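Below: one structure, written as structure tokens.
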Amino acid sequence: MKIQTILATIATGAITTLASQAAITFNITNIDTSNTAGASAAAGGSAAVSISPASFDGSATGQYTISVTGLDVDGVGGTDDSLSLLVNVTPAGGTIRDSAGDLGVNGAGAGRISGTGETLTFSFVSGSTVLGSPAPNTVGTFVFEGFNAVQLSQMTADDDTSTTGDVGFYQLGAGPQTNITDDANTTFANSTDDLTVGYISGYDGTNQGNDGFFINDIQLRVTADFAVVPEPSSAALLGLGGLALVLRRRK
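With full-length UniProt numbering applied, the sequence shown covers 1 to 251.
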């Protein structure tokens, strides 16, 4: 009985432990067309972003494939790691307007988001990290931290003598609407809920053809990481084998 106890202890104590990790967390900006300015990442300045398709103008729904290359996630092989993620774009009040670096809705106002029922909703679908030169038993991991900024463009004053402009909003999931009244970059805390951008009103409430705005950019935040998959070491396997032999001989 004592021999069995000693061998079992050796086998248990020899299991490989997890290695330390070094996550990279960064924003991906200019998510509106394939003409992107790149990712803001602590990756030695070599990170590059590509987005496809180039356009889904006129589509009832859209999905971006966003790829980031030139990352060093695991400290092995230099900047040969990458990540990819999928983001859905869903319009309300018309089809997607996607042209010249701006997103809108083909509805009431020449592609602008310009009617009270017109919105675009951005939804994270999935993501993954790929290690270019992984160490043994090492895999890439991915965490979507959330949407955290939106920037509008061509938000206009109404078509009268007033200098008062239009009013839009952003909304995170089922949360409250937050007004947007200019083209300045609007940032907010990371949210893994869907991001919806829509139109509230113009100054005079008439002639929506000249009211509204486009979406120039949305921003999201991600974490690329790695993990070591634990497995029994050779010593543990030898211990288990020895234990089985002892048990068999005692029968």
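All C-beta atoms in this analysis are idealised placements derived from N, C-alpha and C, irrespective of residue type, glycine included. Quick caveat: nothing in here was measured; it's all calculated off a predicted structure.
How is GLN154 classed by DSSP in three states: helix, strand or coil?
-> Position 154 of the sequence shown holds residue 154. Note: GLN154 maps to coil in three-state DSSP.
Quick one: measure Cβ to Cβ for SER82 and THR65, integer angstroms, because I've assumed they're closer than 8 Å.
-> Numbered from 1 along the sequence shown, position 82 holds the residue referred to as residue 82. Numbered from 1 along the sequence shown, position 65 holds the residue referred to as residue 65. At roughly 12 Å, the Cβ-Cβ gap does not stay under 8 Å, so SER82 and THR65 are not in contact.
Using beta-carbon positions only, say whether ILE113 and TYR170 come within less than 9 Å of one another.
-> Residue numbering aside, residue 113 sits at position 113 when the sequence shown is read from its first letter. Residue numbering aside, residue 170 sits at position 170 when the sequence shown is read from its first letter. No, the pair does not count as a contact, with Cβ atoms beyond the cut-off.
C-beta atoms of ASN185 and VAL167 nearer than 9 Å = Working through the sequence shown from its first residue, we reach residue 185 at position 185. Working through the sequence shown from its first residue, we reach residue 167 at position 167. The answer is no: Cβ separation not under 9 Å.
Indicate the three-state DSSP secondary structure (helix, strand or coil) for ASP74 in the structure shown.
-> Counted from its first residue, the sequence shown places residue 74 at position 74. Three-state result, ASP74: coil.
Apply the 10 Å Cβ neighbour rule to ALA23 and answer buried if 16 or more other Cβ atoms are within range, or exposed otherwise.
-> Taking the first residue of the sequence shown as position 1, residue 23 is located at position 23. Label assigned to ALA23: exposed.
Is there contact between the stretch 224 to 233 and the stretch 90 to 101, where contact requires at least three CB pairs shorter than 8 Å?
-> They do not touch, by the three-pair rule.
Use the C-beta contact count for ASP182: other C-beta atoms within 10 angstroms, 16 or more gives buried, fewer gives exposed.
-> Looking up residue 182 in the sequence shown gives position 182. Exposed: under 16 other Cβ atoms inside 10 Å.
Taking all protein chains shown into account, do 16 or more other C-beta atoms lie within 10 angstroms of the C-beta of ALA54, making it buried, or fewer, making it exposed?
-> For the purposes of this step, residue 54 is taken as the residue at position 54 of the sequence shown. ALA54 counts as exposed, since fewer than 16 other beta carbons sit within 10 angstroms of its beta carbon.
What residue from GLY111, GLY109, GLY127 and PHE213 has the CA that sits closest to SER84's CA?
-> Your numbering for residue 84 matches position 84 in the sequence shown. Taking only the C-alpha atoms, the option nearest SER84 is GLY127.
Just mark ASN106 as buried or exposed, buried being the case when its beta carbon has 16 or more other beta carbons within 10 Å.
-> As a working mapping, residue 106 is identified with position 106 in the sequence shown. Burial call: buried.
First and last residue of the beta strand (DSSP E) that includes PRO91?
-> Sequence index remark: in the sequence shown, residue 91 carries index 91 (1-based). Here the beta strand (DSSP E) through PRO91 covers 81 to 92.
Identify which residue in PHE214, ASN148, ALA60 and ALA48 has its Cα closest to the Cα of SER67.
-> Here residue 67 refers to the residue found at position 67 of the sequence shown. Checking every option, the nearest Cα to that of SER67 belongs to ALA48.
Measure the Cβ-Cβ separation of ALA110 and GLU118 and say whether it is below 9 Å.
-> One-based indexing of the sequence shown puts residue 110 at position 110. One-based indexing of the sequence shown puts residue 118 at position 118. Pairing ALA110 with GLU118 gives a Cβ-Cβ distance that is not under 9 Å.
Could you tell me whether the Cβ atoms of VAL150 and GLN219 are closer together than 9 Å?
-> Locating residue 150 in the sequence shown gives position 150, where the first residue counts as 1. Locating residue 219 in the sequence shown gives position 219, where the first residue counts as 1. It is a contact, given that the beta carbons lie within the stated cut-off.
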